[in-house]
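Q:
Residue numbers (full-length UniProt numbering), protein chains in the order written: chain A, 1 to 210; chain B, 1 to 127.
(1) Starting from the beta carbon of residue 78 of chain B, find every residue of chain A whose beta carbon is closer than 8 Å, and list them in chain order.
(2) Report the residues of the segment 87 to 99 of chain B with a CB closer than 9 Å to any CB of chain A, ordered along the chain.
(3) Candidates B:99, B:79, B:87, B:97: which alpha carbon is nearest residue 142 of chain A's?
(4) Work out the CA separation of residue 81 of chain B and residue 87 of chain B for me, nearest whole Å.
(5) Rounded to a whole number of angstroms, what is the C-alpha to C-alpha distance between residue 99 of chain B and residue 57 of chain B?
(6) Indicate the three-state DSSP secondary structure (helix, strand or coil) for residue 180 of chain A in the structure shown.
(7) Tell me whether residue 75 of chain B sits in a helix, a strand or coil according to DSSP, three-state version.
(8) Considering Cα atoms alone, identify which of A:136, A:121, A:115 is closest to residue 27 of chain B.
(9) Under a Cβ-count criterion, where at least 16 other Cβ atoms within 10 Å of its own Cβ denotes burial, should residue 123 of chain A be classed as buried or exposed?
(10) How many Å lie between residue 118 of chain B and residue 124 of chain B at the Cα?
(11) Which value, in whole angstroms, describes the spacing of the CA atoms of residue 102 of chain B and residue 153 of chain A?
(12) How many whole angstroms separate the CB atoms of residue 84 of chain B and residue 70 of chain B, which I take to be in contact at a CB cut-off of 8 Å?
(13) Consider the Cβ of residue 113 of chain A: report whether some Cβ of chain B lies at a distance smaller than 7 Å.
(14) Interface residues of chain B around residue 174 of chain A at Cβ under 7 Å?
(15) Could you list the residues in the segment 152 to 176 of chain A with a C-beta less than 7 Å from some C-beta on chain B, going in chain order?
(16) Quick one: list the residues of chain B neighbouring residue 187 of chain A, beta-carbon separation under 8 Å, in chain order.
(17) Please report the straight-line C-alpha distance between residue 162 of chain A and residue 196 of chain A, rounded to a whole angstrom.
(18) Name the residue from B:38, B:44, B:53, B:66 whose alpha carbon lies nearest to the alpha carbon of residue 140 of chain A.
(19) Taking residue 127 of chain A as part of the alpha helix (DSSP H), name the residues at either end of that continuous run.
(20) Check the Cβ of residue 64 of chain B against every Cβ in chain A and list those closer than 8 Å, keeping chain order.
(21) Buried or exposed: where does residue 174 of chain A fall if 16 or more other Cβ atoms within 10 Å of its Cβ makes it buried?
(22) Please decide whether residue 119 of chain A counts as near chain B, where near means a Cβ-Cβ distance under 7 Å.
(23) Could you tell me whether the Cβ of residue 126 of chain B comes closer than 7 Å to any Cβ of chain A?
(24) Answer yes or no: does any C-beta atom of chain B fall closer than 7 Å to that of residue 68 of chain A?
(25) Do residue 34 of chain B and residue 63 of chain B come within 7 Å of each other at the CB atom, strictly closer than that value?
(26) If you check the beta carbons only, do residue 55 of chain B and residue 158 of chain A fall under 7 Å apart?
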């Protein structure tokens with residue numbers, strides 16, 4: 001299975017390979033592209049990142065509109081690849097892709113320095129593992145069956161929460177004129193501020209005996 | 001209750017009794033992913049281990065509290081559903097939109113896989 005190819009290159013190769021290899025690959029290839037957003041994929045070259053999937057500046061992850069656009073284009077490519085390769089009658093799913101935004105993202109992406117690109121790649125590819133999240137949820141709820149959407153939603157929410165924590169911690173560091181890696185004291189201050197803003201769910205019963 | 005005294009004693013006790021209560025010292029669940037994630041969000045390429053441990057604790061507590069609240073809502077209707085979580089983060093628009101995207105994408109992938117399977121059946125039946 002192809003992992004580290006440009007989506008466009010991957011699509012071309014899949015068409016060639018279709019005759020030889022079992023039809024698993026188009027679906028697999030398509031899945032890979034789609035799952036990058038959700039699962040933890042191994043750190044790969046930037047070809048996959050720069051290959052036409054629009055990204056946004058990592059600083060503004062919480063602005064969901066651009067993430068929506070990026071997700072839309074990713075879906076778009078999934079559907080395109082599968083349509084080309086399988087000649088099914090898949091209707092084109094409506095995406096939230098906006099050509100103007102796509103173009104803007106491409107421009108931004110092309111001007112990234114290597115450092116920025118690597119950070120952006122980490123930002124996109126990192127995700128909580130669904131298996132671990134499921135274990136955690138099972139432990140919390142006490143029930144064996146946790147449905148997939150619940151796990152996915154929790155992984156997404158947790159990732160955004162980490163984002164808020166880290167970004168606020170950087171703000172705190174800026175205020176204190178600190179530099180270097182983020183230290184626990186910054187995280188604690190950032191957590192305190194998030195609590196004041198009401199972004200952290202408060203326990204109705206205070207947790208005792210920790 | 002023998003679990004109430006100082007944390008080290010209680011954590012070792014809970015290990016002995018098979019984790020009957022949420023242990024303070026649990027195996028790190030998310031260390032590797034968290035390192036990449038923190039780098040992606042603005043930390044150094046190699047975050048300090050104590051920072052990662054603290055963030056993991058905070059995230060686990062966050063998910064736990066959120067899930068507890070969702071369960072409280074969910075038990076009124078019977079099961080724990082995704083909508084309970086969506087209700088809880090309704091005020092936080094970025095998170096809400098992101099969750100909607102993720103769910104929509106999952107739907108699309110499911111449809112695509114289903115259509116792909118149907119197509120594969122057609123191919124094999126033609127052979």
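Note that beta-carbon positions come from the ideal geometry of N, C-alpha and C, so glycine has one too.
Quantities reported herein were computed from a predicted structural model and do not represent experimental measurements.
A: Checking against the coordinates, here is how it stands:
(1) Walking along the second chain from the start, residue 78 of chain B turns up at place 78. In chain order: nothing, as chain A lies at least about 12 Å away.
(2) 88, 89, 91, 92, 93, 94, 95, 96, 97, 98, 99
(3) Counting from 1 along the first chain, the entry for residue 142 of chain A is found at position 142. Ranking the options by Cα distance to residue 142 of chain A, first place goes to B:79.
(4) Counted from its first residue, the second chain places residue 87 of chain B at position 87. Counted from its first residue, the second chain places residue 81 of chain B at position 81. If you take the alpha carbons of residue 87 of chain B and residue 81 of chain B, they lie about 10 Å apart.
(5) Position 99 of the second chain holds residue 99 of chain B. Position 57 of the second chain holds residue 57 of chain B. Cα to Cα, residue 99 of chain B sits roughly 23 Å from residue 57 of chain B.
(6) Numbered from its first residue, the first chain carries residue 180 of chain A at position 180. In the structure shown, residue 180 of chain A sits in coil (DSSP, three-state: anything other than H, G, I, E or B).
(7) Position 75 of the second chain, counted from the first residue, corresponds to residue 75 of chain B. Three-state result, residue 75 of chain B: helix.
(8) Indexing the second chain from 1 puts residue 27 of chain B at position 27. Among A:136, A:121, A:115, the Cα nearest to that of residue 27 of chain B belongs to A:136.
(9) In the first chain, residue 123 of chain A corresponds to position 123, counting from 1. The residue is buried, with at least 16 neighbouring Cβ atoms inside 10 Å.
(10) Taking the second chain and counting its residues from 1, the one referred to as residue 118 of chain B is at position 118. Taking the second chain and counting its residues from 1, the one referred to as residue 124 of chain B is at position 124. Going by the C-alpha atoms only, they are around 10 Å apart.
(11) The residue given as residue 102 of chain B occupies position 102 in the second chain. The residue given as residue 153 of chain A occupies position 153 in the first chain. Distance between the alpha carbons of residue 102 of chain B and residue 153 of chain A is about 7 Å.
(12) Residue numbering aside, residue 84 of chain B sits at position 84 when the second chain is read from its first letter. Residue numbering aside, residue 70 of chain B sits at position 70 when the second chain is read from its first letter. Confirmed, Cβ separation roughly 4 Å.
(13) The residue you call residue 113 of chain A lines up with position 113 of the first chain. So, not an interface residue.
(14) Position 174 of the first chain holds residue 174 of chain A. None at all; the shortest Cβ gap to chain B is about 11 Å.
(15) 152, 153, 154, 156, 157, 158, 159, 160, 161, 162, 163, 165, 166, 167, 170
(16) Here the question's residue 187 of chain A lines up with position 187 in the first chain. Near residue 187 of chain A (Cβ distances below 8 Å), the residues of chain B are 51, 54, 55, 58.
(17) Along the first chain, read from residue 1 onward, the residue named residue 162 of chain A stands at position 162. Along the first chain, read from residue 1 onward, the residue named residue 196 of chain A stands at position 196. Computed Cα separation, rounded: 17 Å.
(18) Taking the first residue of the first chain as position 1, residue 140 of chain A is located at position 140. Selected option, being the one with the closest Cα: B:66.
(19) Taking the first residue of the first chain as position 1, residue 127 of chain A is located at position 127. Unbroken run through residue 127 of chain A: none, as it is neither H nor E.
(20) Reading the second chain from its first residue, position 64 is the one you call residue 64 of chain B. Simply 136, 140.
(21) Residue numbering aside, residue 174 of chain A sits at position 174 when the first chain is read from its first letter. Counting Cβ neighbours within 10 Å, residue 174 of chain A comes out exposed, since fewer than 16 surround it.
(22) Within the first chain, the letter at position 119 stands for residue 119 of chain A. So, interface residue.
(23) The residue labelled residue 126 of chain B in the question sits at position 126 within the second chain. Chain A contact via Cβ: absent.
(24) Numbered from its first residue, the first chain carries residue 68 of chain A at position 68. Interpretation of residue 68 of chain A is limited by its pLDDT of 40, a score under 50 that renders its predicted location unreliable; the figure taken from the coordinates is listed afterwards. For residue 68 of chain A, the answer is yes, since a Cβ of chain B falls inside 7 Å of its Cβ.
(25) Position 63 of the second chain, counted from the start, is the residue given in the question as residue 63 of chain B. Position 34 of the second chain, counted from the start, is the residue given in the question as residue 34 of chain B. No; because the gap between Cβ atoms is not below 7 Å, this pair is not in contact.
(26) To locate residue 55 of chain B, count along the second chain from 1; it is residue 55. To locate residue 158 of chain A, count along the first chain from 1; it is residue 158. No. Outside cutoff.
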